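Residue 164 in the numbering used here sits at position 113 of the sequence shown, and the numbers go up by one each step. Every residue gets a Cβ at the ideal spot worked out from N, C-alpha and C, and that includes glycine. Quick caveat, the model's predicted, so the values are computed rather than measured. All remarks here apply to the structure that follows.
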Amino acid sequence: MDWKTILFKIIKNLKQYILLIVLVCIILFFQKVTNGTLLKPMNVSNLIFQNAYVVIMAVGMLLCILTGGNIDLSVGSVLALVGACAGTFAIVRGWDPHLSILLSLLIGIGIGIWQGFLIAYMRIPAFIATLAGMLIFRGFTLIVLKGLTLAPFPREYLAYSTGYIPDIFEGINLFGVRNTTSLLLGILLAVIYCIVQITSYNSRKRKGYSVESPYLLGIRLVVIAAGIIWLFSILANYRGVPMVFITLGIILIAYSYFTSSTVAGRHLYALGGNEKAARLSGVNTRRLLFFAYVNMAFLASVAGIVFSARLNSAAPGAGNGFELDAIAACFIGGASATGGIGTVGGTLIGALIMGILNNGMSIMGIGQDWQMVVKGFVLLAAVAFDVLSKQGIITEFISRIKRIYFSAKRKGALAD
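Shown next, in the form of structure tokens:
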């Protein structure tokens, strides 16, 4: 297979990798205009802390969107209420931080059960039910906090969200990094990723499933493995890997597996694709919808713990507008507004695009007003791309490139 054929296959699969290409271009742009500040170790670490709660909520929002384009407008208020409850338990009452976290998460799950019941079994439209929830839970937040900000949290409460993985190889200087453990962890994860992908590729090939070209597989493995090691090497030159990064990794891996490799995950896509057909096929659509909103509230609660720990306070205004960030991350990441389409990986990239835009423009000194304008246009462009893809315009463009390529190839062969 010559390089021209490989190039054409890459162009053919451009839609699959377009988000990753856009993300890389945005990173390179801001790295240039900020004179290298964007990818400095301290700023990369700050990026993780600043966007962890958005990624966590966006994963939950994706599952809601998959059920048929439904959204949850109450997640910002749930985040604030859970943080307020945790602050009341841990700061005002002086309860054990771990018990405070557990009770706060249970309150969040209770909220999810309430909203899931309204939406799935009482058939109240999700938009209305969660809009009401946004107002109700914001009001309860003000009641719990009495309009005050509670601070600071105990050290044990902060450890899960603001701490770093300890360097067990402290004193060993490997490749000149400050935190050897973080670098070794990155290398280990890159190796595990390659092994899992190669094993999956061989398994699918043996079963006769359609698989990508081994050349494309090799390129993808090299690029992603190098990216993992590069990211961990940057973190290793600051204070190491943040604890919240590990939490994010567990959530992303678990939900990626759930949506792609379990029966319930595939049923979510079926529900979003055609609810009536899914129901006639034996799928319990109400239970799936109920689960999606319970899960959303749970992840919003986790985000509430992470966010309150990052600020080291529980504030009445916490979470304002966060639901819009989570929704935007999903749609920028390729989720369809009508449901049934979207991936956890795409949602992660969408959240990263939003986060890097925020961070890069802040470093450049661009005000919040213009930041909102830019993010709005990015969201509009992402949805427009989805619409054009469904109308076949993108596919037609790729087919035209294909015809031009083979036409030029035939003319070249005749000339020879």
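Comparing alpha-carbon positions, which option in E263, I158 and S151 lies nearest Q248?
Residue numbering aside, residue 248 sits at position 197 when the sequence shown is read from its first letter. Cα-wise, what sits closest to Q248 is E263.
Tell me whether the beta-carbon of E374 lies closer than 7 Å to the beta-carbon of L124.
As a working note, residue 374 is residue 323 in the sequence shown. As a working note, residue 124 is residue 73 in the sequence shown. Yes, Cβ-Cβ distance for E374 and L124 is below 7 Å.
Determine the direct distance from the alpha carbon of V395 to that of S359, and round the result to whole angstroms.
For the purposes of this step, residue 359 is taken as the residue at position 308 of the sequence shown. For the purposes of this step, residue 395 is taken as the residue at position 344 of the sequence shown. So the two alpha carbons sit approximately 25 Å from each other.
With 16 as the cutoff for other CB atoms within 10 Å, does R255 come out buried or exposed?
One-based indexing of the sequence shown puts residue 255 at position 204. With fewer than 16 other Cβ atoms within 10 Å, it is exposed.
Candidates A366, D420, M347 and A432: which alpha carbon is nearest M108's?
Position 57 of the sequence shown holds residue 108. For M108, the nearest C-alpha among the options comes from M347.
Using the C-alpha atoms, what's the distance from S307 back to C245?
The residue you call residue 245 lines up with position 194 of the sequence shown. The residue you call residue 307 lines up with position 256 of the sequence shown. Cα-Cα distance, rounded: 17 Å.
Under 7 Å between C-beta atoms of I285 and I238:
Translated into positions along the sequence shown, residue 285 becomes position 234. Translated into positions along the sequence shown, residue 238 becomes position 187. Cβ distance not < 7 Å, so I285 and I238 don't count as in contact.
M93, buried or exposed, once every other Cβ within 10 Å from all chains shown has been counted against 16
Looking up residue 93 in the sequence shown gives position 42. Burial call: exposed.
Does the distance from the CB of S151 to the CB of R189 come in under 7 Å?
In the sequence shown, counting from the first residue as 1, residue 151 sits at position 100. In the sequence shown, counting from the first residue as 1, residue 189 sits at position 138. At a Cβ-Cβ threshold of 7 Å, S151 and R189 do not count as neighbours.
Could you tell me the distance, in whole angstroms, from the CA atom of L79 to the CA atom of I194?
On the sequence shown, position 28 is the one that residue 79 refers to. On the sequence shown, position 143 is the one that residue 194 refers to. When rounded, the distance between both Cα atoms is 46 Å.
I'd like to confirm the pairing. Which residues does DSSP put opposite L201 in its beta bridges?
Position 150 of the sequence shown, counting from 1, holds the residue named residue 201. The partner list for L201 (beta bridge, DSSP) reads A365.
N-terminal and C-terminal residue of the alpha helix (DSSP H) that P176 is part of:
Reading the sequence shown from its first residue, position 125 is the one you call residue 176. Premise fails: P176 is in no alpha helix (DSSP H) and is neither H nor E.
Can you pull the DSSP bridge partners for P148?
Position 97 of the sequence shown, counted from the first residue, corresponds to residue 148. Looking at the DSSP assignment, P148 forms no beta bridge with any residue, so it has no partner.
Going by C-alpha distance, which of N102, S212, I164 and I99 is nearest P148?
Start at 1 with the first residue of the sequence shown, and residue 148 comes out as number 97. Measuring from the Cα of P148, the nearest candidate turns out to be S212.
Y215 bridges to which residues according to DSSP?
The count along the sequence shown starts at 1 and reaches residue 215 at position 164. DSSP, once it has assigned bridges, lists P293 as partnering Y215.
As a quick exercise: from I175, F342 and R144, pick the residue whose alpha carbon is nearest that of G163.
As a working mapping, residue 163 is identified with position 112 in the sequence shown. That would be F342, whose Cα lies nearest to the Cα of G163.
For L199 and N410, believed in contact at Cβ under 8 Å, the rounded distance
Locating residue 410 in the sequence shown gives position 359, where the first residue counts as 1. Locating residue 199 in the sequence shown gives position 148, where the first residue counts as 1. At roughly 30 Å, the Cβ-Cβ gap does not stay under 8 Å, so N410 and L199 are not in contact.
With a CB to CB cut of under 8 Å and the five nearest residues on each side skipped, what residues in its chain are close to M185?
To locate residue 185, count along the sequence shown from 1; it is residue 134. Apart from the 5 residues on each side of it in sequence, M185 sits with its Cβ closer than 8 Å to the Cβ of L124, S125, G127, S128 and E374 in its chain, given in chain order.
Rounding to the nearest angstrom, what Cα-Cα distance links I414 and T85 in this structure?
Numbered from its first residue, the sequence shown carries residue 414 at position 363. Numbered from its first residue, the sequence shown carries residue 85 at position 34. Counting only the Cα atoms, T85 lies some 7 Å from I414.
C-alpha gap between N231 and G333, whole angstroms
Indexing the sequence shown from 1 puts residue 231 at position 180. Indexing the sequence shown from 1 puts residue 333 at position 282. With the sequence shown as reference, residue 231 is identified as Thr, and Asn is not the correct amino acid for it. Whole-angstrom Cα-Cα distance: 52 Å.
Residue span of the alpha helix (DSSP H) that contains D376, given as start and end:
Start at 1 with the first residue of the sequence shown, and residue 376 comes out as number 325. Segment F373 to I383, the alpha helix (DSSP H) holding D376.
In angstroms with no decimal places, state the Cα-to-Cα distance between G259 and S251.
Working through the sequence shown from its first residue, we reach residue 259 at position 208. Working through the sequence shown from its first residue, we reach residue 251 at position 200. Rounded to the nearest angstrom, the two C-alpha atoms are 12 Å apart.
Looking at the secondary structure, which residues open and close the alpha helix (DSSP H) in which A328 lies?
Taking the first residue of the sequence shown as position 1, residue 328 is located at position 277. Counting along the chain, the alpha helix (DSSP H) containing A328 begins and ends at E326 to L331.
Under a three-way DSSP split, which group does N94 fall into?
Within the sequence shown, residue 94 is the residue found at index 43, counting from 1. It is helical.
Please work out which residues of its chain come closer than 6 Å, Cβ to Cβ, to G355, disregarding the five sequence neighbours upstream and downstream, and give them in chain order.
Residue numbering aside, residue 355 sits at position 304 when the sequence shown is read from its first letter. These residues qualify, in order along the chain: L130, V133 and G134.
Could you have a look at F188 and say whether DSSP puts it in helix, strand or coil?
Looking up residue 188 in the sequence shown gives position 137. Here F188 sits in helix by DSSP.
Tell me which residues share the same chain as N371 and place their Cβ nearer than 7 Å to its Cβ, disregarding the 5 neighbours each side in the sequence.
The residue given as residue 371 occupies position 320 in the sequence shown. Counting only Cβ-Cβ distances below 7 Å, and skipping sequence neighbours, we find G127.
Given this structure, state the Cα-to-Cα distance separating F204 from I275, to the nearest angstrom.
Residue mapping note: residue 204 aligns to position 153 of the sequence shown, counting from 1. Residue mapping note: residue 275 aligns to position 224 of the sequence shown, counting from 1. Computed Cα separation, rounded: 38 Å.
Taking the alpha-carbon positions, what's the G138 to Q101 distance?
What you label residue 138 is simply residue 87 of the sequence shown in a count that begins at 1. What you label residue 101 is simply residue 50 of the sequence shown in a count that begins at 1. The alpha-carbon atoms of G138 and Q101 are separated by roughly 20 Å.
Can L362 and A103 be called in contact, C-beta distance under 7 Å?
For the purposes of this step, residue 362 is taken as the residue at position 311 of the sequence shown. For the purposes of this step, residue 103 is taken as the residue at position 52 of the sequence shown. Not a contact, by the Cβ cut-off of 7 Å.
Just verifying my parser: in three-state terms, what is the DSSP assignment at K83?
On the sequence shown, residue 83 is found 32 positions in, with the first residue counted as 1. K83: helix per DSSP, three-state reduction.
For the candidate residues S233, L319, R338 and A141, whose alpha-carbon lies nearest to that of M294?
Within the sequence shown, numbered from 1, the residue matching residue 294 stands at position 243. M294 has its Cα closest to that of S233, out of S233, L319, R338 and A141.
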